[in-house]
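Engineer: If you're matching positions, the sequence shown starts at 3 in our numbering and goes up one per residue.
Got a structure here, written out as structure tokens. Questions coming.
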Amino acid sequence: MEYSESIIEGHIINELTCPDCGCKHHQVKGVIKYAFFFIESIPFYPVKKTTVIQCQQCWSKADVNVLPKQRIKELSKNLFPAWRLISKFLGSLLTIMLLGYLIQGEVEKHQLSNQFIENPAVNDFYHVDFRYLSSELRPNEKYRIGKITDITGDIATVVYSRLFYRMQHGADESIRVGHVTHFSFFSRKKYHYSFAELTKMRAQGAIYRVERPVNNRLRGMLLVTTTKRFLSSTYFPGARQNNSGLAFLEASYIDNHIELAFEKFSISAERGYKLGQVNLAELYITGKHGEKDLNQALFWLQEAAVQDYQPAIDKYLIVCQQVAQCSKRDFINLLSEQGVNFHVGR
3 MEYSESIIEG
13 HIINELTCPD
23 CGCKHHQVKG
33 VIKYAFFFIE
43 SIPFYPVKKT
53 TVIQCQQCWS
63 KADVNVLPKQ
73 RIKELSKNLF
83 PAWRLISKFL
93 GSLLTIMLLG
103 YLIQGEVEKH
113 QLSNQFIENP
123 AVNDFYHVDF
133 RYLSSELRPN
143 EKYRIGKITD
153 ITGDIATVVY
163 SRLFYRMQHG
173 ADESIRVGHV
183 THFSFFSRKK
193 YHYSFAELTK
203 MRAQGAIYRV
213 ERPVNNRLRG
223 MLLVTTTKRF
233 LSSTYFPGAR
243 QNNSGLAFLE
253 ASYIDNHIEL
263 AFEKFSISAE
273 RGYKLGQVNL
283 AELYITGKHG
293 EKDLNQALFW
303 LQEAAVQDYQ
313 PAIDKYLIVC
323 QQVAQCSKRD
333 FINLLSEQGV
343 NFHVGR
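As structure tokens, then:
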């Protein structure tokens, strides 16, 4: 904390005689001593105010106390109006405003994180304190970035950054500068969490922040590849119906858009189009079009899986855990018999 003074020029009075030069003209001045940090022109708060009377001829200072008290109060009132003293709190006011802005920003981030946890979406980015999830970490291994790569029903598939960060700032910077766009940033190992588990992780502090890209951009940085409808000059049976289904799925302004999407996906799936089969299975898993039917979902996921489609294989293994009659071993044997090139996470 440093200190400085500002001087206010007041009126000329003729009520005193200078003992040094005999001049009767004196300048009344006000001096406000104030505290500041770094920038002298931005005062934080006033420390002291003083009324000074100075001879206009020899500039010697006169004793203010020789004037009547009422006159001193009158001069002081003219020199130090309320607005002038309040202006000396400029630094404090700016600091309070800045703190309020930062606090409001943190509150909004906290609220948004809670909203995103309650309604997970593909490409959500999680800031994770991994110490809550593992006890086998080195001292500097604390924070990681997670990303939702797929959602099957109420199960979210999350991959984590290969790197651990010692401080939250390091994890934050990896998003700000675009490291997360690098193809090798995230590990291939996949973790499957139910929505309830994600909520629990948020409550205990493991997930301390959630960010969701808008128009594939996060903080102005292009982060994710846009999921486009499959367009090709080559004819694929069912591709057009699948694209129509995706369009209806997004057309929330149409009352029965889910039912229309279901019809299009059904046609696409029956024509053997693997993307349409997976999208149809998704509707059976969520039950958005009516009732859930995990057996039908497994059927269509298997149809897509035997076409060497890894996302269908991953989803099948997730849904299979929720159906008592489903056997993962039989499914893997079937893929092997069909000569499918697939990968099963550990």
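C-beta atoms are modelled at their ideal positions from N, C-alpha and C, and glycine is treated no differently.
#1: Mind checking whether Gly240 and Ser270 have CB atoms under 8 Å apart?
#2: So what does Asp131 bridge to, in DSSP terms?
#3: Output the distance between the C-alpha atoms of Ala253 and Ser246, rounded to the nearest integer angstrom.
#4: In terms of residues, what are the limits of the beta strand (DSSP E) holding Ser196?
#5: Are at least three pairs of beta-carbons, each pair with one atom in the stretch 163-181 and one in the stretch 133-149, less than 8 Å apart?
#6: Could you tell me the boundaries of the beta strand (DSSP E) in which Gln56 lies?
#7: If you check the beta carbons only, do Asp156 and Val124 fall under 8 Å apart?
#8: Given Glu42, which residues of its chain have a CB within under 6 Å of its CB, disregarding the five upstream and five downstream residues?
#9: Please work out which residues of its chain come closer than 8 Å, Cβ to Cβ, to Tyr134, disregarding the five sequence neighbours upstream and downstream, and give them in chain order.
#10: I think Gln243 touches Lys266, with their Cβ atoms under 8 Å apart; what is that distance to the nearest whole Å?
#11: If you run the structure through DSSP and keep just helix, strand and coil, what is Ser115?
#12: Compute the Euclidean distance between the alpha carbons of Ser62 and Lys75, then round it to the nearest angstrom.
#13: Taking just the CA atoms, how far does Ile14 sit from Cys25?
#14: Near Leu100, which residues of its chain fall below 8 Å by C-beta distance, leaving aside the five closest residues on each side in sequence?
#15: Quick one: grab the DSSP three-state call for Glu138.
#16: Would His291 and Ile260 be called neighbours here (beta carbons separated by less than 8 Å)?
#17: Spell out the partners DSSP gives Thr159 in its beta bridges.
#18: Rounded to whole angstroms, what is the Cα-Cα separation between Arg178 and Gly32?
Structural biologist: Per the coordinate set shown:
#1: yes
#2: Tyr145
#3: Approximately 11 Å between the Cα atoms of the pair.
#4: Phe188 to Ser196
#5: A contact exists between the stretch 163-181 and the stretch 133-149.
#6: Pro45 to Cys57
#7: no
#8: Ser6
#9: Leaving aside the five residues that flank Tyr134 on each side, the residues in its chain whose CB is nearer than 8 Å to its CB run, in chain order, Met203, Gln206, Gly207 and Ala208.
#10: 5 Å
#11: helix
#12: 22 Å
#13: Whole-angstrom Cα-Cα distance: 12 Å.
#14: none
#15: In the three-state scheme derived from DSSP, where H, G and I count as helix and E and B as strand, Glu138 is classed as coil.
#16: yes
#17: DSSP, once it has assigned bridges, lists Asp152 and His194 as partnering Thr159.
#18: 51 Å
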